[in-house]
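1 is the number of the first residue of the sequence shown in full-length UniProt numbering; add one for each residue after it.
Even glycine gets a Cβ: it sits at the ideal position worked out from N, Cα and C.
No experiment lies behind these values; they were computed from the predicted model shown.
What follows is a single structure, written as structure tokens, with notes after it.
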Amino acid sequence: MSIIYALVVRDPDIVLCEFSRAQGNFPQITRNIISKLPRSGKFSYTYNEKFCYHYISEDNILFICLSDAEFPRRICFLFLEDIKSNFMNRYGHVVNTVIAFGVNSEFSDVLKTRINYFNTDPNADKLQSIRSSVDEVRNIMIENIDKVLARGEKVELLVKKSEIMSEQAVTMKKRAVQVRRKMRFQNIKLYIICGVVFVFVLLLLVMSVCSPDFSEC
1 MSIIYALVVR DPDIVLCEFS RAQGNFPQIT RNIISKLPRS GKFSYTYNEK
51 FCYHYISEDN ILFICLSDAE FPRRICFLFL EDIKSNFMNR YGHVVNTVIA
101 FGVNSEFSDV LKTRINYFNT DPNADKLQSI RSSVDEVRNI MIENIDKVLA
151 RGEKVELLVK KSEIMSEQAV TMKKRAVQVR RKMRFQNIKL YIICGVVFVF
201 VLLLLVMSVC SPDFSEC
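What follows is the structure, encoded as structure tokens:
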């Protein structure tokens with residue numbers, strides 16, 4: 001599948017330049033149908049079910065190409081827009097006075113080069129290029145989302161760990177308070193016991209000096 005033939009025509013049927021990448025009677029067939037093509041706009045015309053003419057008509061200039069019927073129309077029209085821009089930039093100021101095949105020696109090489117480009121270079125298909133860019137962006141977005149979700153899971157784990165540590169800290173604080181209270185209570189008991197022992201020893205000392213009934217004091 002490819003673009004086979006291309007030409008530039010000035011009304012009514014003056015061929016200014018053409019190029020064919022295959023042997024055949026394409027030029028004769030094209031000349032026979034030029035007068036039947038509607039003017040002003042973009043059109044496609046199926047010929048013999050195997051081929052398709054595509055053309056752009058602007059003012060009195062037709063930019064025409066012939067392709068296999070299954071070749072994408074969008075690429076054909078991208079090719080024609082490219083040829084139109086290139087041709088008018090070069091010859092727009094003299095296009096109405098150029099004789100038949102007057103620029104063929106120069107511009108047929110351009111037709112050949114651009115046909116080869118649009119037939120073989122994947123970058124020529126802008127729609128496919130856009131789709132590839134969209135797919136690339138989509139893959140990047142999916143990858144980023146996966147990373148965000150992964151970070152989210154990690155954050156969730158950290159939050160859970162923080163909650164557990166917070167609960168453990170509260171429990172430890174309660175236990176510390178209980179331990180302090182227990183130690184304080186044990187200290188009080190120890191002080192009371194020591195006080196009682198001190199009073200008892202003191203009493204024994206006094207009784208030993210003053211007699212048990214304190215008659216000698």
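DSSP three-state assignment for residue i, whether helix, strand or coil
{"i": "residue 160", "result": "helix"}
{"i": "residue 200", "result": "helix"}
{"i": "residue 37", "result": "coil"}
{"i": "residue 48", "result": "coil"}
{"i": "residue 109", "result": "helix"}
{"i": "residue 72", "result": "coil"}
{"i": "residue 99", "result": "coil"}
{"i": "residue 132", "result": "Caution applies to residue 132, whose pLDDT of 48 falls short of 50 and renders its modelled position unreliable; the value that the coordinates give is listed next. Residue 132: helix per DSSP, three-state reduction."}
{"i": "residue 211", "result": "coil"}
{"i": "residue 178", "result": "helix"}
Identified DSSP bridge partners for residue i
{"i": "residue 55", "result": "43 and 64"}
{"i": "residue 188", "result": "Paired residue(s): none; residue 188 is not in a bridge."}
{"i": "residue 8", "result": "17 and 63"}
{"i": "residue 3", "result": "67"}
6 Å CB neighbourhood of residue i in its chain, flanking five on each side removed
{"i": "residue 45", "result": "53"}
{"i": "residue 111", "result": "6 and 19"}
CA-to-CA distance, residue j to residue i, given in whole angstroms
{"i": "residue 132", "j": "residue 161", "result": "Low per-residue confidence applies at residue 132: pLDDT is 48, beneath 50, and the placement is therefore not dependable, though the value from the model is reported in the following sentence. One C-alpha to the other measures close to 43 Å."}
{"i": "residue 168", "j": "residue 187", "result": "28 Å"}
{"i": "residue 78", "j": "residue 26", "result": "21 Å"}
{"i": "residue 61", "j": "residue 116", "result": "23 Å"}
{"i": "residue 194", "j": "residue 215", "result": "28 Å"}
{"i": "residue 178", "j": "residue 172", "result": "10 Å"}
{"i": "residue 41", "j": "residue 85", "result": "15 Å"}
{"i": "residue 190", "j": "residue 166", "result": "36 Å"}
{"i": "residue 120", "j": "residue 3", "result": "10 Å"}
{"i": "residue 175", "j": "residue 184", "result": "14 Å"}
{"i": "residue 31", "j": "residue 122", "result": "31 Å"}
Enclosing beta strand (DSSP E) for residue i [first to last residue]
{"i": "residue 18", "result": "14-20"}
Close-in-space but distant-in-sequence residues of the same chain around residue i (CB under 7 Å, 5 per side omitted)
{"i": "residue 12", "result": "35"}
8 Å CB neighbourhood of residue i in its chain, flanking five on each side removed
{"i": "residue 108", "result": "17, 18 and 19"}
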